[in-house]
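Participant:
Number of protein chains: 2
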Amino acid sequence: MNDNFLRACRREPVDVTPVWFMRQAGRYMAEYRAIRARHTLLDICRRPDLAAEVTLQPVERLEVDAAILFSDLLLPLEPMGIPFDFVKNEGPVIERPVRAAEDVSRLRRCDPREALPHVLATIRLVRHELDGRVPLIGFAGAPFTLASYAVEGGASRSYARTKALMYGEPAVWHDLCDTLAAVVSEYLLAQVEAGVQAVQLFDSWVGALCVRDYHEFALPHTTRILRAVQASGVPVIHFGTGTATLLEAMAAAGGDVVGVDWRIPLDEAWERIGADKAVQGNLDPTLLLGPIDRLLAGADRVLRQAAGRPGHIFNLGHGILPETPVEHVQALAQFVHARSA
Amino acid sequence: MNDNFLRACRREPVDVTPVWFMRQAGRYMAEYRAIRARHTLLDICRRPDLAAEVTLQPVERLEVDAAILFSDLLLPLEPMGIPFDFVKNEGPVIERPVRAAEDVSRLRRCDPREALPHVLATIRLVRHELDGRVPLIGFAGAPFTLASYAVEGGASRSYARTKALMYGEPAVWHDLCDTLAAVVSEYLLAQVEAGVQAVQLFDSWVGALCVRDYHEFALPHTTRILRAVQASGVPVIHFGTGTATLLEAMAAAGGDVVGVDWRIPLDEAWERIGADKAVQGNLDPTLLLGPIDRLLAGADRVLRQAAGRPGHIFNLGHGILPETPVEHVQALAQFVHARSA
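In structure tokens form, the structure reads like this:
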């Protein structure tokens, strides 16, 4: 088995820098679009045969060192009592947003083993089909990011309602995040039991908080999840965007690897995070839309910024964009391996 | 005249910390909503009587130390040949986005004195009605931010098309920004001639760039504008959001004051910016949606982080949100004055 990814998570020496990509299964790939033409996103998430097929597509097509479960961050919300749907050009839409104490008290602390058995079946199927070629990463959303969808009713720019709840009714906020943390912890542990070999906690939108608010409103809940999953023995990646001023706090929250975006040079990021953690990142995903020489020059810089100690997993600073040419992703993965060999 | 704002821009001692708010004229205020009920945003921008009235509303209602011209960042695009409109719940929509060399070569380097005379008339009217009570700030968008609207066709999360143009056709990108910089420079100089006493350059979305890209794709064009306006003698504020890793570069680009958002503590920001510039900011605007004690505690922290040298202008880290209670804005302005006296 190619264990470079798991070795890098543990800051052990590797023969080449491992690489995988957030949203490596997605609309930029013709194989994925062919399936999406016949099924909705949620259908794919709910059918293990389709979710497994989509999870494996980038492993067949790209030289990646890990597969990541195909799923959606919001899946646990539905069995908790927060149904949602994806509306074309709008993204996720939550029918009844969580805005008040009554909404929070109504939430169910569901057992993900019963509520999301299809996700666990997908994991077993993918592990079987991967047959040890590369490790499989599981994932879930962190409480702040999940709460922001639940409170706003979808995506947001200002997180106005989310922060108004945080500031105005901190007890309700903490109750909401406590419930989310309980479900997410169990969800990730269930993924580990089903076979994922590492886990990424996505706090994608946490960069909207200042560090003080991060400590008060996000960190305690995130720490609880990170500790629970780390106790299971698999490496945990803790990821967010726009986190240049939060990296020390995110590292303090826990996890083995901190994932960073392109807004901060990776060497500066690692210095803030500390040498006792691995790092993941951090090429700007829009570089994949430009010419290949600029793309590879950018990748080379990321590799050089991370050189000198083990513990770098190459990735983008955020997910692959739908308009990305697949050949560029292939060339990038190859380059990372060749250049770091 | 209350010249605390202008004195702080020049890092001269003041008796109280001056305060104004981005979007201090806007939907959070009943007086503004009464006018917007009968006129579109663009109508108000184009009618000096209405634009002046709206500009003055917060000066009547709040204890602010400056007025800011009521206008929209995108106004100069229309006479350049990039018409747009505001669509409910969607924000600005540009009919024919700028995507290729032909689109850029078709742009007009209009003279804002001829193309936007209503803006200049508004300035004269506001100056007359202010009668020296507080200074009037003019503004315009910086090339990166304006180009992002022109290229994306509206607001964006990923700036995928903008960056694809930047990376893929840098000559076209620079040509576009060169044209924008020429028009914006003249536009701001015309505002100064008409009577604004300071100017803010909004590079609101520049935080999407890493520092290397900032230097290559944004800084040269921004510098050109900042230099041209500084030569006119009025103080210039250079503002962006999500700029924690760009502050040194933004300071190097020019301007007298750097405006920062809440994602970085103001003392850390000022250290990055350098003691030879004034700073503006940086309370999270969503704090205005919560309880007043938390709001004022946040304002107190900002004041303490900026204490010790002259050159702090109190502001939010971004514009006032529409759902903000006007009483909280009043209380905040009063608190800043009382606490810093």
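Going down the list, the protein sequences come from chains A and B.
1 is the number of the first residue of the first sequence in our numbering; add one for each residue after it.
1 is the number of the first residue of the second sequence in our numbering; add one for each residue after it.
The beta carbon of each residue, even a glycine, is placed where N, CA and C say it ideally should be.
What does Pro-291 (chain A) touch in chain B if you count any residue whose Cβ is under 7 Å from its own?
Facilitator: In the first sequence, residue 291 (chain A) corresponds to position 291, counting from 1. Ordered by position in chain B, the residues that pass the 7 Å Cβ test against Pro-291 (chain A) are Tyr-167, Gly-168.
Participant: Do Val-192 (chain A) and Val-229 (chain A) have their C-beta atoms closer together than 8 Å?
Facilitator: Your numbering for residue 192 (chain A) matches position 192 in the first sequence. Your numbering for residue 229 (chain A) matches position 229 in the first sequence. A contact, by the Cβ cut-off of 8 Å.
Participant: Trp-262 (chain B) versus chain A: which residues are under 7 Å apart at the beta carbon?
Facilitator: Sequence index remark: in the second sequence, residue 262 (chain B) carries index 262 (1-based). Ordered by position in chain A, the residues that pass the 7 Å Cβ test against Trp-262 (chain B) are Cys-210.
Participant: I need the DSSP call for Pro-265 (chain A), collapsed to helix, strand or coil.
Facilitator: Position 265 of the first sequence, counted from the start, is the residue given in the question as residue 265 (chain A). In this structure, Pro-265 (chain A) counts as coil in the three-state DSSP scheme.
Participant: Please tell me whether Ile-137 (chain B) and Gly-195 (chain B) are closer than 8 Å, where the distance is taken between their beta carbons.
Facilitator: Looking up residue 137 (chain B) in the second sequence gives position 137. Looking up residue 195 (chain B) in the second sequence gives position 195. In this structure, Gly-195 (chain B) does not lie closer than 8 Å to Ile-137 (chain B) by Cβ.
Participant: With 16 other CB atoms within 10 Å as the buried threshold, where does Gly-141 (chain B) fall?
Facilitator: Numbered from 1 along the second sequence, position 141 holds the residue referred to as residue 141 (chain B). Per the 10 Å Cβ criterion, buried.
Participant: Between which residues of its own chain and Val-126 (chain B) is the CB-CB distance below 6 Å, once the five residues before and five after are set aside?
Facilitator: Mapped onto the second sequence, residue 126 (chain B) falls at position 126. Closer than 6 Å at Cβ, skipping near neighbours: Ala-52, Thr-55, Leu-136.
Participant: Can you list, in chain order, the residues of its chain whose CB lies under 7 Å from that of Pro-112 (chain A), leaving out five sequence neighbours each side?
Facilitator: As a position in the first sequence, residue 112 (chain A) is number 112, starting the count at 1. The residues are Pro-76, Val-183, Glu-186, Tyr-187, Ala-190.
Participant: Nearest CA to the CA of Gly-91 (chain A): which residue from A:Val-134, A:Leu-41, A:Cys-110, A:Leu-50?
Facilitator: Position 91 of the first sequence holds residue 91 (chain A). Looking at the Cα atoms, A:Leu-41 is the closest of the given residues.
Participant: Taking Ile-82 (chain B) as the reference, give the member of B:Arg-106, B:Glu-12, B:Asp-65 with the closest Cα.
Facilitator: Indexing the second sequence from 1 puts residue 82 (chain B) at position 82. Nearest option by C-alpha distance: B:Arg-106.
Participant: The beta strand (DSSP E) spanning Gly-91 (chain A) covers which residue range?
Facilitator: Residue numbering aside, residue 91 (chain A) sits at position 91 when the first sequence is read from its first letter. Counting along the chain, the beta strand (DSSP E) containing Gly-91 (chain A) begins and ends at 91-94.
Participant: Which partner residues of Gly-281 (chain A) appear in the DSSP bridge assignment?
Facilitator: Within the first sequence, the letter at position 281 stands for residue 281 (chain A). Gly-281 (chain A) is bridged to A:Phe-314.
Participant: Is His-238 (chain A) helix, strand or coil when you go by DSSP?
Facilitator: Here residue 238 (chain A) is taken as the residue at index 238 of the first sequence, counted from 1. Three-state result, His-238 (chain A): strand.
Participant: With distances taken between CB atoms, is the gap from Leu-73 (chain B) to Leu-180 (chain B) smaller than 8 Å?
Facilitator: If you number the second sequence from 1, residue 73 (chain B) lands on position 73. If you number the second sequence from 1, residue 180 (chain B) lands on position 180. In this structure, Leu-180 (chain B) does not lie closer than 8 Å to Leu-73 (chain B) by Cβ.
Participant: Pick from A:Glu-63, A:Gly-26, A:Arg-23, A:Ala-101: whose alpha carbon is nearest that of Asn-4 (chain A)?
Facilitator: Here residue 4 (chain A) is taken as the residue at index 4 of the first sequence, counted from 1. Checked all of A:Glu-63, A:Gly-26, A:Arg-23, A:Ala-101; the closest Cα to Asn-4 (chain A) is A:Glu-63.
Participant: Could you tell me whether the Cβ of Arg-294 (chain A) comes closer than 8 Å to any Cβ of chain B?
Facilitator: Numbered from its first residue, the first sequence carries residue 294 (chain A) at position 294. Arg-294 (chain A) counts as touching chain B.
Participant: Taking 8 Å as the cut-off, decide whether the C-beta atoms of Leu-288 (chain B) and Leu-295 (chain B) are in contact.
Facilitator: Here residue 288 (chain B) is taken as the residue at index 288 of the second sequence, counted from 1. Here residue 295 (chain B) is taken as the residue at index 295 of the second sequence, counted from 1. Cβ atoms of Leu-288 (chain B) and Leu-295 (chain B): closer than 8 Å.
Participant: Determine whether the Cβ of Gly-154 (chain A) lies closer than 8 Å to any Cβ atom of chain B.
Facilitator: If you number the first sequence from 1, residue 154 (chain A) lands on position 154. No, no contact with chain B.
Participant: Answer yes or no: does any C-beta atom of chain A fall closer than 8 Å to that of Ala-244 (chain B)?
Facilitator: The count along the second sequence starts at 1 and reaches residue 244 (chain B) at position 244. Interface residue, yes.
Participant: Report the neighbours of Asp-284 (chain A) on chain B: residues whose CB is nearer than 8 Å to its CB, in chain order.
Facilitator: Position 284 of the first sequence, counting from 1, holds the residue named residue 284 (chain A). Those are Lys-163, Cys-210, Asp-213, listed as they occur along chain B.
Participant: Candidates A:Thr-223, A:Ala-160, A:Gly-281: which alpha carbon is nearest Val-302 (chain A)'s?
Facilitator: If you number the first sequence from 1, residue 302 (chain A) lands on position 302. Among A:Thr-223, A:Ala-160, A:Gly-281, the Cα nearest to that of Val-302 (chain A) belongs to A:Gly-281.
Participant: Is it true that the segment 92-99 of chain B meets the segment 150-158 of chain B, where meeting means three or more beta-carbon pairs spaced less than 8 Å apart?
Facilitator: Touching, per the Cβ criterion.
Participant: To the nearest angstrom, how far is the alpha carbon of Arg-38 (chain B) from that of Tyr-32 (chain B)?
Facilitator: Within the second sequence, numbered from 1, the residue matching residue 38 (chain B) stands at position 38. Within the second sequence, numbered from 1, the residue matching residue 32 (chain B) stands at position 32. Arg-38 (chain B) and Tyr-32 (chain B): Cα-Cα distance of roughly 10 Å.
Participant: Which residues, taken in chain order from the segment 14-33 of chain B, show a beta carbon closer than 7 Å to some beta carbon of chain A?
Facilitator: Within the segment 14-33 of chain B, no residue qualifies.
Participant: Check whether the segment 269-283 of chain A touches the segment 238-253 of chain A, counting contact only when three or more Cβ pairs, one atom from each stretch, lie closer than 8 Å.
Facilitator: Cβ pair count under 8 Å is three or more, so yes.
Participant: For Leu-321 (chain B), which residues in chain A fall below 7 Å Cβ to Cβ?
Facilitator: Residue numbering aside, residue 321 (chain B) sits at position 321 when the second sequence is read from its first letter. Going along chain A in sequence order, the residues near Leu-321 (chain B) (Cβ under 7 Å) are Ser-158, Ala-160.
Participant: Assign Ala-34 (chain A) to one of two classes, buried (16 or more other C-beta atoms within 10 Å of its C-beta) or exposed (fewer than that).
Facilitator: Position 34 of the first sequence, counted from the start, is the residue given in the question as residue 34 (chain A). Under this definition Ala-34 (chain A) is an exposed residue.
Participant: Output yes or no for whether 8 Å exceeds the beta carbon distance between Ile-68 (chain B) and Phe-139 (chain B).
Facilitator: Residue numbering aside, residue 68 (chain B) sits at position 68 when the second sequence is read from its first letter. Residue numbering aside, residue 139 (chain B) sits at position 139 when the second sequence is read from its first letter. Taking 8 Å as the Cβ cut-off, Ile-68 (chain B) and Phe-139 (chain B) qualify as a contacting pair.
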